[in-house]
Each structure stands twice: as structure tokens, then as C-alpha cells.
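For reference, the structure is listed below as C-alpha cells.
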Amino acid sequence: MGSMNVDGQTYDFEDRFLAHVQVVLAQKMRRRESFLLSWTSPSYEEAYGRVSVWISPAAIVSFRFSGSRTAALNHAWLESMVTATHSTRGLDLDVQREPVEGSPASE
1 MGSMNVDGQT
11 YDFEDRFLAH
21 VQVVLAQKMR
31 RRESFLLSWT
41 SPSYEEAYGR
51 VSVWISPAAI
61 VSFRFSGSRT
71 AALNHAWLES
81 MVTATHSTRG
91 LDLDVQREPV
101 EGSPASE
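Dropping the structure here:
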């Protein structure tokens with residue numbers, strides 16, 4: 001389990017999923033583009049419920065992974081996430097699922 005720290009608040013995610021989120025955030029911040037990032041925290045976390053964070057180039061974001069290896073990236077999944085950042089709802093991590101191999105989204 002890895003973690004993402006946004007302006008002093010830490011949020012836990014599975015390492016491989018977090019690696020994809022990291023790439024998307026890096027791309028957006030490099031382009032100086034802001035967007036809304038949302039998800040639901042698991043019930044076992046202290047701050048259970050819906051979380052929405054405004055990601056801007058001024059945000060201080062860091063990532064920590066539990067594993068030592070770099071995760072393999074799915075380019076179709078990255079593309080889907082980047083596309084979502086342009087929507088009015090932003091990138092909702094609850095609806096982001098890795099495209100199944102051989103599906104139109106992963107070709």
C-alpha cells in the first residue's frame with residue numbers, strides 16, 4: 001500500500017494504482033494545468049467519506065510506495081485518467097478501473 005501526500009494530508013492507495021495517478025498528476029502539473037481529484041476513503045480510515053482535492057501547479061504533492069520496484073504502466077488506463085481530468089467532475093478515482101486486455105480501451 002502506497003500513499004499520496006497533498007499539502008500535508010496523506011491518503012493511502014494500492015501501489016500500482018498510485019503509480020498511474022502519479023504519472024497523471026506529473027503530466028498535469030508539468031503543463032501547469034489544475035483539476036479536481038476525488039475518491040471515497042475506505043471506512044477503516046479516520047477520515048472516512050468522499051474526498052475532493054484541487055490539484056494545481058502550486059500544490060505540494062509527494063508519493064511513497066511500499067514496494068521497491070517501479071510498477072508496469074497501462075497506457076490505455078493513463079489515457080483514460082488524463083481524459084477524465086478535462087471533465088467538469090475531474091478525475092474520480094472511484095470510477096477508474098484498469099482496462100481489460102484486448103478491450104477497445106486498451107488497444
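Residue numbering for the sequence shown follows the UniProt record's numbering, beginning at 1 and increasing consecutively.
Yeah, the Cβ is synthetic: ideal placement off N, Cα and C, and Gly gets one too.
Q27 is bridged by DSSP to nothing; it lacks a bridge partner. Straight-line spacing of the CA atoms in V51 and N5 works out to 13 Å. The Cβ-Cβ distance between S66 and M1 falls below 7 Å.
A residue is called buried when at least 16 other Cβ atoms come within 10 angstroms of its Cβ; S68 does not meet this threshold and is exposed. Between V21 and F13 the beta-carbon gap is near 7 Å, inside 8 Å, which marks them as a contact.
Under the three-state reduction of DSSP, D94 is assigned to coil, being neither helix nor strand. If you look at M81, you'll find it in the alpha helix (DSSP H) that goes H75 to T85. Under DSSP, D12 takes part in a beta bridge, and its partners are S3.
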